[in-house]
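Here is the structure we will look at, set down as structure tokens.
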Amino acid sequence: MSVMYSAHRVTIANRTTSRNVRVARRVAAIAGLIGFVLSVATPLLPVVQTTATLNWPQNGQLNNVTAPLISLTPVDMTAAVPCAVVDALPPSGGVVLGTAPKQGKDANLNALFVVVNSQRVDVTDRNVVILSVPRNQVAGDAGTPGCSSIEVTSTHAGTFATFVGLTDSAGNPLHGGFPDPNLRPQIVGVFTDLTGAAPFGLRLSATIDTRFSSTPTTLKRFAMVLAIVTTSVALVALWRLDQLDGRRIRRLIPARWSTFTLTDAAVIFGFLLWHVIGANSSDDGYQMQMARTADHSGYMANYFRWFGSPEDPFGWYYNLLALMTHVSDASIWIRLPDLICGMACWLLLSREVLPRLGPAVASFKPALWAAGLVLLAAWMPFNNGLRPEGQITLGALITYVLIERAIIYGRMTPAALAALAAAFTIGIQPTGLIAVAALLAGGRPMLRILVRRHRVVGICPLVAPLLAAGTVVLTVVFAEQTLATVLEATKVRTAIGPAQAWYTENLRYYYLILPTVDGSLSRRFGFLITTLCLFTAVLIMLRRKRIPGLARGPVWRLIGNILGTIFFLTFAPTKWVHHFGLFAAVGSAIAALTTVLVSHEVLRWSRNRMAFLAALLFVMTLCFATTNGWWYVSSYGVPFNNAMPRIDGITFSTIFFILFAIVALYVAYLHLTTSEHGEGRLIRTWTTSFWAPIPLAAGLMTLVFIASMVAGIVRQYPTYSNGWANIRAFTGGCGLADDVLVEPDSNAGYMTALPSNYGPLGPLGGVNAIGFTPNGVPEHTVAEAIRVTPNQPGTDYDWDAPAKLKAPGINGSVVPLPYGLNPNRVPLAGTYTTGAQQQSRLTSAWYQLPKPDDRHPLVVITAAGKITGNSVLHGHTYGQTVVLEYGEPSTDGGLVPAGRLVPDDLYGEQPKAWRNLRFARSQMPVDAVAVRVVAENLSLTPEDWIAVTPPRVPELSSLQEYVGSSQPVLLDWEVGLAFPCQQPMLHANGVTDIPKFRITPDYSAKKIDTDTWEDGANGGLLGITDLLLRAHVMSTYLSRNWGRDWGSLRKFDPIVDTHPAQLGLDTATRSGWWSPGKIRIKP
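Going by full-length UniProt numbering, the sequence shown runs without a break in its numbering and finishes at 1083.
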């Protein structure tokens, strides 16, 4: 009876299991297909677009209004001008309406104007005359009626104008224009010379391009949520189907995760230390400003370029940064994702990847140290900021680990999760394509598992969850954008660039070997050590076939993963060196493997081990054959940041090359002898045990990086360094803004000259100046730059200002002065002349020196020309003499010279520009009571001129005190992370703020990097500021580091009086393929 009962229970259990299997199969197939279909359909589902229209006049008044479009041009624009307003203008004429100030830089080249002069009425658009009519014909006379209105349209179909009521010689309406979509004008507002109440019929209406300002409809939200839910259900059902194999997994997390070793402590401490004191990555300011402006705009705009197009379909990671800005903008907080990703990579490597390679790797301590130290050395230069390489590295590593889990257990759920991880990794940035390498590396064993499993449950229940997992990322990528908007954004980025073809991949490696910051020693090591270990591992594995303690399959999959990473990186649209940060995790894994492969247990002959040591020394030679450079402020105080590291005049690269040559010659000797030679204690020490060459080299590089940053902090203290700024952030510090000092008014602080019988130049010229004149400066000498033509983007107003003053200054000079100096108060003396040259000398009057205090740490002379001085970047530069002589009281009540100071002079690359020579009060004795200028130009070469103004003791405020945190600032993409407290210029509904200031990096970076990248021709923000505002560079200094070019603060002044326009806002539902037309990107 009991036997029959037991059999009955088994039968019932089997039926129940069979029923559960059928349910799981159906759920997996149906839910997976639903999730897949809904995910794929997400880009096509409708969104609610916020529409915006600019209408003028506003409030019934004729005035200037600003509305700078981030897309620069509108979707379309129409305007109507009653011809009667032509009579309202004076005989000389004026601007009836324009989409930019007439005085703006290149205004005629970019904007549309309806302009009246004494003879004609012109409609011009982007330097093209659309239509021009004689003024008297427009006004009409007794026998001939004039026109009634001027109508202008500018759309994708072209730009056209009609003088309604006038006809041409054939009797047709007077009409003109061109069918060119690229004639749509740039709009920064509406500007007019008319005043008073707006006449009837005068209007301008522009449809602002807000295609990217959208939110999902209820339908789309429901579809996205349902896609995520059904994908999750499909994965759970797939997990249930996996359990049919009858095996129980004892622990989801293996026991090795609970151990903690000295290596773990060292690596995690290294990450934590580097997070506080370490260098940042190259584009941190870029990502920072994107994140800080995203909430206000409603989408993640690229911001600095590409006409405000969004980052989508790549960039969901930046939305995480945008959320983090709600807590703080401090660097030490906003960079936490990279810290977390670094430590997560190490935990996965040490507990999943290395054990999977075999017990020979997992139990070999030098291999563990090699993995940890190579991970640190490869991570530090690239992945300590806001760039996404750290997140992509982790995503690719998770994909690899999940694929290995799937192979170990023969199940599909880890494979589906791997597809999910790979999809989200790709969604971070195009370089996330490297996650596919892990999928392909495990392709063959996964295909076997799929074939084996489909015999049990069928193909659809297995494939449908995989498809759903691989596409659910579309619900994130296209949450607020549509297929049409993302395609347009992609077209814009591709057309403007950089978008380099796959066959230009060699450029990445070319940049790596250049002696620049991109090719610095820190950036070279990670990839070079990975490459060395990769080829070494391939050669040994091909020769030895099977090695005890190594799992051959996982080893070859790791090798395939790295080769796949290199291959897929080829298809990235940009070829930046910072992408080498992607090799940090796989590079550390291959380094651990190679440490085992080159050990004594595998390579018995010392010749082969020494050959690898020689190759490693050559890699070190290449690494040190460049500068110890770091990006922007990360280089402050770092030794050899612009030169090759050396000791007593001998470069470290030379030392490593000598060691390489010695070892290479020894390898040649061993090759010519028997295999018994070369097994001494020294050789064993340097090729085996804890002192294995790979962890030793990686440890050395890690120490060099840390020591570089520590040295920078010590040498810079108490002024700015990354580490010190991060520490101060805990008490509310504002980064570089706390250490940059600004002269709010450079006219303040001029000292009183002691009375005497001075010459024609006044106190500045002293009693008997020789060769100095009030106008001894070449025309178009500008502040902190060398003027070139045609003008570059982002230049100051003095580039375009008149070359001479309308009225002479205080000592007869007609030379415009920089930094807002008032020529009616500030005299000038210079030696430039086109006539006969002579040796020139000047000793000014004594100027009474105020007592020193913390607010007045400097004496400053505004000067120009080739001047001898000192700077951090260029060291001691030679030129003509401009020194500050200080005096002390003499016994007879007069003054006696007590010493001279050579100035800190920043601009060695632009020696003729106006700049501020700095003399630290701390270098003068406390009893110095007066100073005077001593200048000598003993060269007879016309180019060796100098010009000086009187000395001053400026009143200084920190940039944070002067600019504050509420005024909108154009923070160049390179500086954003260093100025976390300044308010970036925001944008919303297609219109940007009007910035009050601009903060730029140092002169070279501004000229080469930010000015060109942010150019209006590329859809950048300088296209707005150049057209709407006038920039003036201000006098600034880096506290207690007077000889460093930290960058610049530029103040923006409006060209004309304006106020912000009121926009007409509405909403409209748009389908996923709706488009208002192409964004105008061509000149």
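The C-beta atom is built at its ideal place from N, Cα and C for all residues, glycine as well.
{"Asked": "Can you tell me which of the three DSSP states asparagine 791 falls into?", "Found": "coil"}
{"Asked": "With distances taken Cα to Cα, identify the nearest neighbour of alanine 197 among Ser939, Ser708, Ile392 and Leu62.", "Found": "Leu62"}
{"Asked": "Quick one: measure Cβ to Cβ for valine 129 and aspartate 122, integer angstroms, because I've assumed they're closer than 8 Å.", "Found": "6 Å"}
{"Asked": "What separation, rounded to the nearest whole angstrom, lies between the Cα atoms of valine 577 and isoleucine 861?", "Found": "41 Å"}
{"Asked": "So what's cysteine 946 in DSSP terms, helix, strand or just coil?", "Found": "Here residue 946 is isoleucine; the residue named in the question, cysteine, does not match the sequence. Of the three classes helix, strand and coil, the one that applies to isoleucine 946 here is strand, per DSSP."}
{"Asked": "If you follow the beta strand (DSSP E) that methionine 701 is in, where does it begin and where does it stop?", "Found": "Not the beta strand (DSSP E): methionine 701 falls in the alpha helix (DSSP H), residues 693-716."}
{"Asked": "May I have the straight-line CA-CA distance separating leucine 821 from valine 782, to the nearest angstrom?", "Found": "13 Å"}
{"Asked": "Report the partner residues of asparagine 870 according to the DSSP bridge assignment.", "Found": "His876 and Asp904"}
{"Asked": "Within 8 Å, do at least three Cβ pairs link the segment 543-550 to the segment 348-364?", "Found": "yes"}
{"Asked": "Does DSSP classify serine 363 as helix, strand or coil?", "Found": "coil"}
{"Asked": "For methionine 288, I'd like the list of residues in its chain whose CB is within less than 8 Å of its CB, leaving aside the five on either flank, ordered along the chain.", "Found": "Leu321, Asp329, Ile334, Leu386, Gly976, Leu977 and Pro980"}
{"Asked": "Quick check on this structure: which residue in Leu439, Ile662 and Phe580 has the alpha carbon closest to the alpha carbon of glycine 560?", "Found": "Leu439"}
{"Asked": "Identify the continuous alpha helix (DSSP H) that holds glycine 176 and give its terminal residues.", "Found": "First-last for glycine 176: 173-178, but that is the beta strand (DSSP E), not the alpha helix (DSSP H)."}
{"Asked": "For the 8 Å Cβ check, are there 3 or more pairs between the segment 280-295 and the segment 400-416?", "Found": "no"}
{"Asked": "When the distance is taken between beta carbons, is isoleucine 566 closer than 8 Å to isoleucine 590?", "Found": "no"}
{"Asked": "Please confirm whether asparagine 384 and threonine 393 have their CB atoms less than 8 Å apart.", "Found": "no"}
{"Asked": "Is there a C-beta anywhere in chain C that falls below 8 Å from the one on alanine 643?", "Found": "Included in the structure is just one protein chain, with no chain C present."}
{"Asked": "Taking the C-alpha atoms as reference points, what is the distance between glycine 581 and tryptophan 257?", "Found": "26 Å"}
{"Asked": "Could you spell out the range, first to last residue, of the beta strand (DSSP E) harbouring alanine 79?", "Found": "76-82"}
{"Asked": "What did DSSP end up calling alanine 1068 once you bin it into helix, strand or coil?", "Found": "strand"}
{"Asked": "When you compare only the Cα positions, how much space is there between tyrosine 666 and histidine 275?", "Found": "42 Å"}
{"Asked": "In its own chain, which residues sit with a C-beta less than 7 Å from the C-beta of leucine 343, not counting the 5 before and 5 after it?", "Found": "Contrary to the premise, residue 343 reads as methionine rather than leucine in this sequence. Cβ neighbours of methionine 343 beyond the five flanking positions: Ile268 and Phe271."}
{"Asked": "Assuming the contact rule is C-beta atoms closer than 8 Å, alanine 829 and glycine 776 should be a hit. Round their C-beta distance to whole Å, please.", "Found": "7 Å"}
{"Asked": "Compute the Euclidean distance between the alpha carbons of aspartate 745 and glycine 497, then round it to the nearest angstrom.", "Found": "41 Å"}
{"Asked": "Alpha carbon to alpha carbon, how far is leucine 508 from arginine 221?", "Found": "Inspection of the sequence shows that residue 508 is occupied by arginine rather than by leucine. One C-alpha to the other measures close to 41 Å."}
{"Asked": "Mapping DSSP to helix, strand and coil, what is histidine 1059?", "Found": "strand"}
{"Asked": "Going by alpha carbons, who is nearest to leucine 528 out of Ile30, Gly759, Leu1063 and Leu512?", "Found": "Leu512"}
{"Asked": "List the DSSP bridge partners of tryptophan 914.", "Found": "Ala783"}
{"Asked": "Rank Thr490, Ala499, Phe525 and Arg453 by C-alpha distance to the C-alpha of tryptophan 379 and give the top, closest one.", "Found": "Phe525"}
{"Asked": "Between which two residues does the alpha helix (DSSP H) carrying glutamine 150 extend?", "Found": "Checking the sequence, you will find isoleucine at residue 150 rather than glutamine. Run containing isoleucine 150: none in the alpha helix (DSSP H); it sits in the beta strand (DSSP E), 149-155."}
{"Asked": "Can you tell me whether asparagine 937 is buried or exposed, with buried defined as 16 or more other CB within 10 angstroms of its CB?", "Found": "buried"}
{"Asked": "Between which two residues does the beta strand (DSSP E) holding glutamate 961 run?", "Found": "Taken as a continuous stretch (DSSP letters only), glutamate 961 belongs to no beta strand (DSSP E), being part of the alpha helix (DSSP H) at 959-963."}
{"Asked": "So for phenylalanine 618, helix, strand or coil by DSSP?", "Found": "helix"}
{"Asked": "Return the Cβ separation of glycine 35 and alanine 291 in integer angstroms, given the expectation that the two are a contact with Cβ distance under 8 Å.", "Found": "Actually they are not in contact, since the Cβ atoms of glycine 35 and alanine 291 sit about 30 Å apart, beyond 8 Å."}
{"Asked": "Here's the rule: buried if 16 or more other CB atoms are within 10 angstroms of the residue's CB, otherwise exposed. What is tryptophan 1073?", "Found": "exposed"}
{"Asked": "Using alpha carbons as the reference points, say which of Pro381, Thr868 and Arg203 lies closest to threonine 877.", "Found": "Thr868"}
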